[in-house]
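One structure is given below, encoded as structure tokens.
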Amino acid sequence: SQQGEEDPQALSIQEGENATMNCSYKTSINNLQWYRQNSGRGLVHLILIRSNEREKHSGRLRVTLDTSKKSSSLLITASRAADTASYFCATAIISSGSARQLTFGSGTQLTVLP
Amino acid sequence: DTGVSQDPRHKITKRGQNVTFRCDPISEHNRLYWYRQTLGQGPEFLTYFQNEAQLEKSRLLSNRFSAERPKGSFSTLEIQRTEQGDSAMYLCASRAGGGSNEQFFGPGTRLTVL
Numbered sequence: 014s015q016q017g018e019e020d021p022q023a024l025s026i027q028e029g030e031n032a033t034m035n036c037s038y039k040t041s042i043n044n045l046q047w048y049r050q051n052s053g054r055g056l057v058h059l060i061l062i063r064s065n066e067r068e069k070h071s072g073r074l075r076v077t078l079d080t081s082k083k084s085s086s087l088l089i090t091a092s093r094a095a096d097t098a099s100y101f102c103a104t105a106i107i108s109s110g111s112a113r114q115l116t117f118g119s120g121t122q123l124t125v126l127p
Numbered sequence: 173d174t175g176v177s178q179d180p181r182h183k184i185t186k187r188g189q190n191v192t193f194r195c196d197p198i199s200e201h202n203r204l205y206w207y208r209q210t211l212g213q214g215p216e217f218l219t220y221f222q223n224e225a226q227l228e229k230s231r232l233l234s235n236r237f238s239a240e241r242p243k244g245s246f247s248t249l250e251i252q253r254t255e256q257g258d259s260a261m262y263l264c265a266s267r268a269g270g271g272s273n274e275q276f277f278g279p280g281t282r283l284t285v286l
């Protein structure tokens, strides 16, 4: 079962605009990661934020984490047509095992129109 | 290209047939994961290897599924007596040990069961 839910499910914006995607999750986490997936392809890691961090930046990406609300957001600034993809948040839960398997949300399909 | 390869990229089979997929992780990575992704959903964890040991299995992994990583390098996922519900993208990911959390995904194998 999916750990989290992304909101919105689909987002369509013009090139140059900012895109914001939200993710909610259910259990206590070790870290939260955002991945990108182009149609029919594998996932590419974008950014990781640890449970004791509140905000992180990487290039045009900004991620926030609110553990009290069990939510995260991904902001892509100055979007480009090449940013068109599905974006997933994934959580690694706190456990005694070493697996640290990721539990993914259902994704946001972002379309950036030229 | 993340450095993780999967073969084949596409597989079409008839219901009841057996299929086997292969994953070659990044060579220095001793952790390997298999996930399954259906259309419009995020990936779901199937199983995890640390070196050659299969340490965790999801309850999604029915007894028709078996995975191996005989020498702690490449891994295979076999599905016996395939069913139409097995149609999905099968993704492999690897990560380094220690404190690393980022998983590197392969391009996936898309299975279609007719």
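Heads up: the sequence lines are chains A and B, in that order. Just so we're aligned: the first sequence equals residues 14 to 127 in our numbering. Just so we're aligned: the second sequence equals residues 173 to 286 in our numbering. We treat Cβ as the ideally placed atom computed from N, Cα and C, and that holds for glycine.
- Cβ proximity to chain A below 8 angstroms picks out GLY212, GLN213, GLY214, PRO215, GLU216, PHE217 and TYR220 from the segment 208-221 of chain B.
- Residue range 42-50 is occupied by the beta strand (DSSP E) that includes ASN43/A.
- One thing to note: PHE221/B has its Cβ no nearer than 8 angstroms to the Cβ of LEU115/A.
- Contact holds between the segment 201-209 of chain B and the segment 255-267 of chain B, because three or more Cβ pairs, one in each stretch, are under 8 angstroms apart.
- A straight line joining the alpha-carbon of GLN27/A with that of SER230/B spans about 41 angstroms.
- SER37/A is outside the set of residues whose beta carbon lies under 8 angstroms from a beta carbon in chain B.
- DSSP places ILE60/A in the uninterrupted beta strand (DSSP E) bounded by 56-63.
- In this structure, the beta-carbon distance from GLY257/B to GLN178/B does not fall below 8 angstroms.
- Residues of the same chain with a CB within less than 8 angstroms of the CB of ASN31/A, apart from the 5 flanking positions on each side, are LEU88, ILE89, THR90, ALA91 and SER92 in chain order.
- With respect to VAL191/B, LEU283/B sits close: the two C-beta atoms are nearer than 8 angstroms.
- About 6 angstroms separates the CB atoms of ARG253/B and ARG236/B; that is less than 8 angstroms, so the two are in contact.
- The Cβ atoms of ASN273/B and ARG75/A lie no closer than 8 angstroms to each other.
- Chain B has no Cβ within less than 8 angstroms of the Cβ of SER86/A.
- The beta-carbon of HIS70/A is placed no less than 8 angstroms from the nearest beta-carbon of chain B.
- For LEU249/B, not one C-beta of chain A is nearer than 8 angstroms to its own C-beta.
- Contact with chain B is found for ALA105/A, since one of that chain's Cβ atoms lies less than 8 angstroms from the residue's Cβ.
- The beta-carbon separation of GLY120/A and GLY214/B, rounded to 5 angstroms, stays under the 8 angstroms limit for a contact.
- Nearest neighbour of GLY53/A by Cα position, chosen from ARG194/B, ARG187/B, MET261/B and GLN275/B, turns out to be MET261/B.
- Residue-level contact check: THR174/B touches chain A, since one or more beta carbons of chain A fall below 8 angstroms from its beta carbon.
- Sequence-distant partners of LYS83/A (beyond 5 residues in either direction) whose C-beta falls short of 7 angstroms from its own C-beta, in its chain, are SER37, TYR38 and LYS39.
- Non-local beta-carbon contacts of THR185/B in its own chain, meaning distances under 8 angstroms to residues more than five positions away in sequence, involve VAL191, THR254, LEU283, THR284, VAL285 and LEU286 in chain order.
- Residue pairing by DSSP places THR174/B in no beta bridge whatsoever.
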